[in-house]
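Single-structure report; data block below.
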Amino acid sequence: MRWAIAVHGGAGVPPSLPPEKRLPREAGLRHCLDVGIAALQARNHPLDVVELVVRELENHPYFNAGRGSVLTSRGTIEMEASIMDGKTMKCGAVSGLSTVVNPVSLARLVMEKTPHIYLAFDGAEAFAREQGVETVEMSHFITPGNIERLKQAQEAGRVQIDHTQPDDAVADGDGRIGTVGCVAVDNEGNLAAATSTGGMVNKMVGRIGDTPVIGAGTYANHLCAVSATGIGEAIIRGTVARDVAALMEFKGISLEEVAAYVMDRVPPDTTGLIAVSSTGEVAMPFNTPGMFRACATEDGYSEIAIWDSPSK
Amino acid sequence: MGWAIAIHGGAGDIPLSLPPEKRLPREAGLRRCLEVGIAALKARNHPLDVVELVVRELENHPNFNAGKGSVLTTTGTVEMEACIMDGKTMKCGAVSGVSTVVNAISLARLVMEKTSHIYLAFDGAEAFARDQGLETVEMSHFITPENIERLKQAQEADRVQIDYTQPIQKETPKDAAVADGDSQIGTVGCVAVDNEGNLATATSTGGLVNKMVGRIGDTPVIGAGTYANHLCAVSATGRGEAIIRGTVARDVAAVMEFKGISLKEAAAYVIDRVPPGTAGLIAVSSTGEIAMPFNTTGMFRACATEDGYSEIAIWDSTSK
Chain A
692 MRWAIAVHGG AGVPPSLPPE KRLPREAGLR HCLDVGIAAL QARNHPLDVV
742 ELVVRELENH PYFNAGRGSV LTSRGTIEME ASIMDGKTMK CGAVSGLSTV
792 VNPVSLARLV MEKTPHIYLA FDGAEAFARE QGVETVEMSH FITPGNIERL
842 KQAQEAGRVQ IDHTQPDDAV ADGDGRIGTV GCVAVDNEGN LAAATSTGGM
892 VNKMVGRIGD TPVIGAGTYA NHLCAVSATG IGEAIIRGTV ARDVAALMEF
942 KGISLEEVAA YVMDRVPPDT TGLIAVSSTG EVAMPFNTPG MFRACATEDG
992 YSEIAIWDSP SK
Chain B
13 MGWAIAIHGG AGDIPLSLPP EKRLPREAGL RRCLEVGIAA LKARNHPLDV
63 VELVVRELEN HPNFNAGKGS VLTTTGTVEM EACIMDGKTM KCGAVSGVST
113 VVNAISLARL VMEKTSHIYL AFDGAEAFAR DQGLETVEMS HFITPENIER
163 LKQAQEADRV QIDYTQPIQK ETPKDAAVAD GDSQIGTVGC VAVDNEGNLA
213 TATSTGGLVN KMVGRIGDTP VIGAGTYANH LCAVSATGRG EAIIRGTVAR
263 DVAAVMEFKG ISLKEAAAYV IDRVPPGTAG LIAVSSTGEI AMPFNTTGMF
313 RACATEDGYS EIAIWDSTSK
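Residue numbers (my numbering), protein chains in the order written: chain A, 692 to 1003; chain B, 13 to 332.
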């Protein structure tokens, strides 16, 4: 058994993404992967590792989570996140956050400090203040790129998930970035997953996606840890993260086979995921044009990619 | 293939000593809601319409923990949630944090049918309800004296009332309510299949007594409290956190599909995997089978099939 880690910065990246948008994200993935590798090498528990890595991704303004989150139809921020520990199957989730600097950490506090799993909106914000987590003005999270994305989406009259619309924003992939996540396993087989997002551009106020829905965007048990990204509604319907583990268990197949199988069951151009198994396997399949991703294993392998072959 | 329908009014620590004045209204409520569902299926309504109709009736009934009669949050407020799913299309809708909408299940259906989303919550859900012209009332409409009492007891006992490990033989007057099981009721749901194999499920709840403001349970989490696909339709009830962790509703269908076993076997298998005393579920399959297993003391439930069979029960054997 060896440690392994995978990170994603969102599925849905057309090949025409210009360098000025691609390079900062690749650098971000590299940085966050390095943070995760160092944490695993220092023998931190995977739960701590995934939280740490997702915090880094949340702080990075080019990914759709934390700072850099996409905006609702009213130009506001509503962030969500979840975290799950494979061994205990304890989990935490939050939605509707507008001032909490690191939603994934609040999700962890829900898991560890309350008898509940999931807190949302005003109740989640109040809990954040009780717990003394770092909060800021909502404007902290809003970037010019996202103000522009919202404007384009509203002019086009759509919630930006529609890849069939040809236009500049979609063409350079910026309209589609969504969600960040990390999965990790240590050399004792302990697994964890964490996911965080601003949601979808121009979403209705109050809209919840797959990220905080345990079994859809995030899941971990004794077999594997999974974090999904893409069109939230398709991931919810497809119970994507849970299905990866269920297929491994009930059909007795490997992580890699399962990952491809699950991709085939969701509509094309909607979904990507990262997963690690208790034995250190890694899978990063996607059925969108691309997915910002990176992974590394204890034997020295590492990879950062956006496109290349899907179902990888 | 014939039609089949099952409904539940909550699984939990419902002691055998539940007094008649608490048992009879619920049995009557189950009977009535079952009849509404049967009539709707006989009239060849689509199962999606049937489950919504039945859950609306259960929401309106003040003795079940949904709609009117919802349990209260720690601040004495009402935060309802609901979810609906169509097995054939796998379209679904969910709402949370609803405080003024008379029928949360209907709002969930509107999210499914009138938006590009699946799930709306809190202020956004309330605003959408008004956009859609749904019936809304003052929050006080939903609050019953029994629930004010339940909250008081829970706060005095300083717990969120899901803790079945608490011995009920405590030396305090509040025992009466716990002992007769009133504190444990939770969630309503309906699953149905017509004679063409169309499946649907709907679940609705006020949540947990004394829950934190903003707490979301299993009911609106697709795959936890509610799920339907081409094989079966499932609605779960019990301890929300255990049902979420156990991805209960999804697992019934997954086990049927990936292990190739019957609905009854799959449902029993799944209930056995969640901690004792935490969950129950109702499920129907595309071929008209019914399963209503629970690992709690009891589960308010009823079912009927086209061949004339019907049942209303609270206790009896588990994994039924």
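We put the beta carbon where it would ideally sit given N, CA and C, even for glycine. Nothing here was measured: the structure is a model prediction, and the numbers come from that model.
- In this chain, B:Val67 is not harboured by any beta strand (DSSP E); it is covered by the alpha helix (DSSP H) spanning Pro59 to Asn72.
- Straight across, the Cα-Cα distance linking A:Thr805 with B:Ile228 is about 12 Å.
- The beta carbon of A:Ile926 is closer than 7 Å to those of Asp901, Ala907, Gly908, Ala919 and Thr962 in its chain, skipping five residues each way along the sequence.
- Using beta-carbon distances, B:Lys80 does not count as an interface residue toward chain A, since no partner is under 8 Å.
- Under a criterion of Cβ atoms nearer than 8 Å, the residues of chain A adjacent to B:Tyr131 are, in order, Arg898, Ile899, Gly900, Val904 and Ile927.
- Approximately 12 Å separates the beta-carbon atoms of B:Ala16 and B:Gly320; this is outside 8 Å, ruling out the contact.
- If you look at B:Glu93, you'll find it in the beta strand (DSSP E) that goes Met92 to Asp98.
- Around A:Val827, the same chain offers Thr790 and Val792 as residues with beta carbons nearer than 8 Å, after the five sequence neighbours per side are excluded.
- Around the beta carbon of B:Pro31, a 10 Å sphere encloses fewer than 16 other beta carbons of the protein chains shown; the residue is thus reported as exposed.
- A distance below 8 Å between beta-carbons, with the five flanking residues on each side excluded, links B:Thr87 to the following residues of its chain, in chain order: Val225.
- What B:Phe140 touches in chain A, judged by beta-carbon distance under 9 Å, is Met895, Val896 and Gly897, going in chain order.
- Counting only residues of its own chain and dropping the five nearest sequence neighbours on each side, A:Trp998 has a CB closer than 8 Å to the CB of Val704, Pro706, Pro980 and Gly981.
- The contact set of B:Gly24 on chain A, defined by CB atoms closer than 7 Å, is empty, because the minimum CB distance reaches about 16 Å.
- The CB of A:Tyr809 comes closer than 8 Å to the CB of Arg227, Ile228, Gly229, Val233 and Ile256 in chain B, given here in chain order.
- In this structure the stretch 202–211 of chain B does not lie against the stretch 229–236 of chain B, because fewer than three pairs of beta carbons, one per stretch, are closer than 8 Å.
- A distance below 8 Å separates the beta carbons of B:Phe312 and B:His20.
- The straight-line gap separating the alpha-carbon atoms of B:Leu119 and A:Tyr992 is approximately 50 Å.
- When C-beta distances to chain A are compared with 7 Å, the residues of the stretch 104–120 of chain B below that value are Cys104, Ser108 and Gly109, in chain order.
- Counting only runs of 3+ residues, the beta strand (DSSP E) found wholly inside the stretch 249–324 of chain B occupies 291–297 and 310–317, in chain order.
- By the CB criterion at 8 Å, A:Val740 and A:Leu748 fall outside the cutoff.
- Rounded to whole angstroms, the Cβ separation of A:Ala996 and A:Ala974 is 13 Å, and the two are not in contact under 8 Å.
- A straight-line Cα-Cα distance of about 18 Å links B:Phe270 and A:Arg928.
- In this structure, the CA atom of B:Asp284 is about 44 Å from the CA atom of A:Arg721.
- In this structure the stretch 834–849 of chain A does not lie against the stretch 245–257 of chain B, because fewer than three pairs of beta carbons, one per stretch, are closer than 8 Å.
- Residue B:Ala106 holds the alpha-carbon nearest to the alpha-carbon of B:Phe140 among B:Gly218, B:Val200, B:Ala106 and B:His153.
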